[in-house]
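Take a look at the structure set out below.
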Amino acid sequence: MFQPPAYTPNRTSRILALLLLVLLLLLYSSLKAAQAAKAKGPGHTHLNSIRIDGDISLGGLFPVHARGHDGKPCGELKKEKGINRLEAMLFALDRINNDHNLLPNITLGARILDTCSRDTHALEQSLTFVQALIEKDGTDVKCLGGGAPIITKPERVVGVIGASSSSVSIMVANILRLFKVRHHNSTVILFSEV
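Numbering (the working numbering), first residue to last: 69 to 262.
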């Protein structure tokens with residue numbers, strides 16, 4: 069009886085599968101953001117958060133969008149500096165989580181936020197990472213009528229990667245340092261110790 073040879077994935081098929089996974093994640097996140105934007109009204113149509121569940125969560129701050137105009141916080145997508153950095157973090161998390169020798173029985177998660185290329189918006193977003201540390205109420209959010217909560221409880225992040233400019237890195241690092249949350253990124257060697 070004929071038996072086909074066993075399938076062994078090669079490097080190209082693994083990369084294609086990973087790219088498909090990233091695209092599906094981005095599509096899913098975009099759909100969720102579009103649904104949330106409908107509830108918020110016009111002017112809030114940008115993707116501002118990606119959440120990946122894990123045993124340990126890392127934060128990410130990336131300029132996915134350019135500065136907004138006419139009162140909008142975010143503008144056009146930034147492919148090179150924003151999307152590429154976001155994809156690099158997602159790729160790294162996927163590689164780490166799929167290598168069982170690196171972190172056995174531990175899964176890395178993430179909460180990745182968009183800075184919209186504005187230092188003030190980045191600072192506001194960085195407060196999301198410390199929110200879980202200052203929240204004292206341990207009860208779950210419950211809605212009237214038994215519906216799903218509008219606001220999910222914040223998860224604790226152990227470190228934050230991102231902020232693409234030195235001015236933003238300094239501001240974010242100063243906030244995160246108060247809560248002993250590690251932060252890594254800067255564009256000048258001088259700030260690598262911050």
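The beta-carbon is built from N, C-alpha and C at its ideal position, and this holds for glycine as well.
Notebook entry, point to check: So who's on the other strand from C142, going by DSSP bridges?
Noted result: Here residue 142 is taken as the residue at index 74 of the sequence shown, counted from 1. Paired residue(s): R135.
Check: Roughly how far, in whole angstroms, is the beta-carbon of I180 from the beta-carbon of G128, given that I think they are within contact range, below 8 Å?
Finding: As a working mapping, residue 180 is identified with position 112 in the sequence shown. As a working mapping, residue 128 is identified with position 60 in the sequence shown. That belief holds up - the Cβ atoms of I180 and G128 are roughly 4 Å apart, short of 8 Å.
Notebook entry, point to check: Where E148 and L212 are concerned, what is the direct C-alpha to C-alpha distance, given to the nearest angstrom?
Noted result: Locating residue 148 in the sequence shown gives position 80, where the first residue counts as 1. Locating residue 212 in the sequence shown gives position 144, where the first residue counts as 1. Cα-Cα distance, rounded: 44 Å.
Margin query: Please identify the residue among L246, S235 and S237 whose C-alpha is closest to the C-alpha of I202.
Written below: By one-based count along the sequence shown, residue 202 stands at place 134. Residue L246 is the option with its Cα nearest to I202.
Next item on the list: Alpha carbon to alpha carbon, how far is A156 from S81? Give it in angstroms, no decimals.
Entry: Your numbering for residue 81 matches position 13 in the sequence shown. Your numbering for residue 156 matches position 88 in the sequence shown. Going by C-alpha positions, S81 is about 19 Å away from A156.
Check: Does the stretch 171-188 come close enough to the stretch 120-137 that 3 or more CB-CB pairs lie under 8 Å?
Finding: yes
Note to self: Is the separation between the beta-carbon of H133 and that of D182 shorter than 7 Å?
What the structure shows: On the sequence shown, residue 133 is found 65 positions in, with the first residue counted as 1. On the sequence shown, residue 182 is found 114 positions in, with the first residue counted as 1. Yes, the Cβ-Cβ distance between H133 and D182 is below 7 Å.
Next item on the list: Give a yes or no on whether the C-beta atoms belonging to V236 and S194 are separated by under 7 Å.
Entry: Start at 1 with the first residue of the sequence shown, and residue 236 comes out as number 168. Start at 1 with the first residue of the sequence shown, and residue 194 comes out as number 126. Not closer than 7 Å, so no.
Checklist line | Whole-angstrom C-beta distance between L161 and F130, which should lie under 8 Å | finding: What you label residue 130 is simply residue 62 of the sequence shown in a count that begins at 1. What you label residue 161 is simply residue 93 of the sequence shown in a count that begins at 1. Wrong, their Cβ atoms sit about 13 Å apart, outside the cutoff.
Checklist line | Helix, strand or coil at F159 [DSSP, three-state] | finding: Taking the sequence shown and counting its residues from 1, one reaches residue 159 at position 91. Helix.
Note to self: Nearest by alpha-carbon distance to G139: which of T196, N152 and R186 is it?
What the structure shows: In the sequence shown, counting from the first residue as 1, residue 139 sits at position 71. Residue R186 is the option with its Cα nearest to G139.
Checklist line | A200 vs R163 beta-carbon contact at 7 Å | finding: Your numbering for residue 200 matches position 132 in the sequence shown. Your numbering for residue 163 matches position 95 in the sequence shown. Contact: no.
Next item on the list: Jot down the residue ranges of each uninterrupted beta strand (DSSP E) in the stretch 166-202, minimum 3 residues, whole runs only, in chain order.
Entry: 176-182
Check: Under 7 Å between the Cβ atoms of C142 and G136?
Finding: By one-based count along the sequence shown, residue 142 stands at place 74. By one-based count along the sequence shown, residue 136 stands at place 68. Contact annotation: C142 and G136 have beta-carbon atoms nearer than 7 Å.
Next item on the list: Would you give the residue range spanned by the beta strand (DSSP E) that V226 belongs to?
Entry: Position 158 of the sequence shown holds residue 226. For V226, the uninterrupted beta strand (DSSP E) run begins and ends at V225 to G230, by DSSP.
Checklist line | The alpha helix (DSSP H) enclosing S235, as first and last residue numbers | finding: As a first step, residue 235 must be located in the sequence shown, where it is residue number 167. From DSSP, the alpha helix (DSSP H) with S235 extends over S234 to L246.
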